[in-house]
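Quick notes on the structure that follows.
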Amino acid sequence: MNLVDTFSDFKTGKNIDRPTMVRVLEDVFRTLIKKKYGSDENFDVIVNTTKGDLELWRVREIVPDGEVTDDRSQISISEALSIDEDYEIGEECYEQLHLEDFGRRAIMAARQTLISRIMELEKDEIYKRYVERVGDIVLGEAHQILKREILVLDDSTGNELVLPRNEMIRGDFFRKGDMIKGVIKKVEMRNNNPIVILSRTDQLFLEKLLEQEVPEIEDGLITVKNIVRMPGERAKVAVESYDDRIDPVGACVGMKGSRIHGIVRELRNENIDIVNYTNNQTLFIQRSLTPAKVTNIDLDEEQNRAAVYLDPDQVSLAIGKGGTNIKLASRLTGFEIDVFRNNDEFDTIDDVDLDEFIDEIEDWIIDELKRIGCDSARSVLDLSKEELVRRTDLEEETVSDVLKILESEFDEN
Numbered sequence: 005m006n007l008v009d010t011f012s013d014f015k016t017g018k019n020i021d022r023p024t025m026v027r028v029l030e031d032v033f034r035t036l037i038k039k040k041y042g043s044d045e046n047f048d049v050i051v052n053t054t055k056g057d058l059e060l061w062r063v064r065e066i067v068p069d070g071e072v073t074d075d076r077s078q079i080s081i082s083e084a085l086s087i088d089e090d091y092e093i094g095e096e097c098y099e100q101l102h103l104e105d106f107g108r109r110a111i112m113a114a115r116q117t118l119i120s121r122i123m124e125l126e127k128d129e130i131y132k133r134y135v136e137r138v139g140d141i142v143l144g145e146a147h148q149i150l151k152r153e154i155l156v157l158d159d160s161t162g163n164e165l166v167l168p169r170n171e172m173i174r175g176d177f178f179r180k181g182d183m184i185k186g187v188i189k190k191v192e193m194r195n196n197n198p199i200v201i202l203s204r205t206d207q208l209f210l211e212k213l214l215e216q217e218v219p220e221i222e223d224g225l226i227t228v229k230n231i232v233r234m235p236g237e238r239a240k241v242a243v244e245s246y247d248d249r250i251d252p253v254g255a256c257v258g259m260k261g262s263r264i265h266g267i268v269r270e271l272r273n274e275n276i277d278i279v280n281y282t283n284n285q286t287l288f289i290q291r292s293l294t295p296a297k298v299t300n301i302d303l304d305e306e307q308n309r310a311a312v313y314l315d316p317d318q319v320s321l322a323i324g325k326g327g328t329n330i331k332l333a334s335r336l337t338g339f340e341i342d343v344f345r346n347n348d349e350f351d352t353i354d355d356v357d358l359d360e361f362i363d364e365i366e367d368w369i370i371d372e373l374k375r376i377g378c379d380s381a382r383s384v385l386d387l388s389k390e391e392l393v394r395r396t397d398l399e400e401e402t403v404s405d406v407l408k409i410l411e412s413e414f415d416e417n
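Heads up: the sequence shown begins at 5 in the numbering used here, then just goes up one per residue.
Right under this line is the structure:
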């Protein structure tokens, strides 16, 4: 069992720098020497990292026969001459040691120690390498599909990375062998093993994708001020240009959406709104509520709240499907946004309380209409005759009469 062969294997297979490898080997062999000779003070360990071999030398002072007081540091002249005929008293005797001299069991133990030390070094190297790359995008192959995570082989290094299910977009579905793109979110040590966590839901992933697609961002001409996401559904990106000649929104979207389309596909059709950043909070809130058109905004900067007023047909656009648009706009701007409909003058003036018709409509009929939530003339007229008959205990003829009275009121106005 040759330790030199073990060293050669690891030297070629592991990405460990030479000085570190030399230090590890010296430590392992000095331990071997200490176990056999009790000390390593008079020994030289020479490691050749190029060839992958090493030499062990024992160095002792040559003294006359019978005057050896310390076996570790001294050797008699007769013993020295058996090693080399040219030695003289007072010189240093260099005696080369061979691994076989240490015994098979000691060599096996040293080999195991060497392997474990190199494995530890490799783990440290992986940890350091990926800690420096946190925030970078990596491309890898789906190596193993597990219940809670996918193991990904880094395409550039061959190291194993972890993509947890909770860091995947809702529409993500990968098979073994598929190529996966993600951002390095963090690196952890678990049971002394480095675990590199990937993410496809983190805002950094979208930011790095934009950097890849938009040269102006990479060059520093456009800055990404903030990103908020609901992964797989919607995202809002605030961008600012340091060059007045460059439109930051247009540069990010690209000609006919050429730049943004690739990102949208990678994010499983996530709807991305690019917003032009401004220090004017009112204007920024207005832009963040795209595609809704805002008519007025009242800011309460102390409470970080904004009352936004819109036309009735714009309210649903401002809120968005499941409230996504308004939630993201709030997170992007840092303001709690409350949406209000603009008061429609026609509706306000022209609507009449049902109690105003007490002279023309009997009390019990008005009460019956109020019972189903109709307390004004327009709320009754908004329902069809058939709906009113079905929901109340009124006869069809009575309902027709009531509708005529209410309609005549608005016709007169």
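The C-beta atom is built at its ideal place from N, Cα and C for all residues, glycine as well.
- Short of 6 Å from the beta carbon of residue 44, and not among the five residues preceding or following it, lie these beta carbons of its own chain, in chain order: 34, 37 and 38.
- Where residue 300 is concerned, the enclosing beta strand (DSSP E) starts and stops at 298 to 304.
- Annotated as distal: residue 175 and residue 146, with beta-carbon spacing of 8 Å or more.
- If you draw a straight line from the Cα of residue 383 to the Cα of residue 323, it is about 25 Å long.
- In this chain, residue 277 is not harboured by any alpha helix (DSSP H); it is covered by the beta strand (DSSP E) spanning 275 to 280.
- The beta carbon of residue 227 sits closer than 6 Å to those of 244, all from its chain and outside the five residues before and after it, given in chain order.
- Beta-carbon to beta-carbon, residue 376 and residue 406 are separated by about 13 Å, too far to satisfy the 8 Å threshold.
- For residue 57, there is no enclosing alpha helix (DSSP H); the enclosing beta strand (DSSP E) has its first and last residue at 57 to 67.
- Taking the Cα positions, residue 211 is about 32 Å away from residue 195.
- A distance of 8 Å or more separates the beta carbons of residue 379 and residue 397.
- Within the stretch 59 to 123, the complete beta strand (DSSP E) runs of at least 3 residues fall at 78 to 80 and 96 to 101.
- For residue 190, the enclosing beta strand (DSSP E) stretches over residues 183 to 194.
- By the criterion of a C-beta distance shorter than 6 Å, residue 28 is surrounded in its chain by 121, once the five residues flanking it on both sides are discounted.
- Between the stretch 89 to 108 and the stretch 57 to 64 there are three or more inter-stretch CB-CB distances shorter than 8 Å, so the stretches are counted as touching.
- Closest option to residue 327, judged by alpha-carbon separation, among 59, 49 and 239: 239.
- Distance between residue 88 and residue 81, taken at the CA atoms: about 10 Å.
- Shown here, residue 45 sits in coil according to DSSP, grouped into three states, outside any helix or strand.
- Residue environment for residue 189: buried (at least 16 other C-beta atoms within 10 angstroms of its C-beta).
- About 6 Å separates the CB atoms of residue 24 and residue 125; that is less than 8 Å, so the two are in contact.
- Comparing alpha-carbon positions, the option among 340, 321 and 317 lying closest to residue 304 turns out to be 340.
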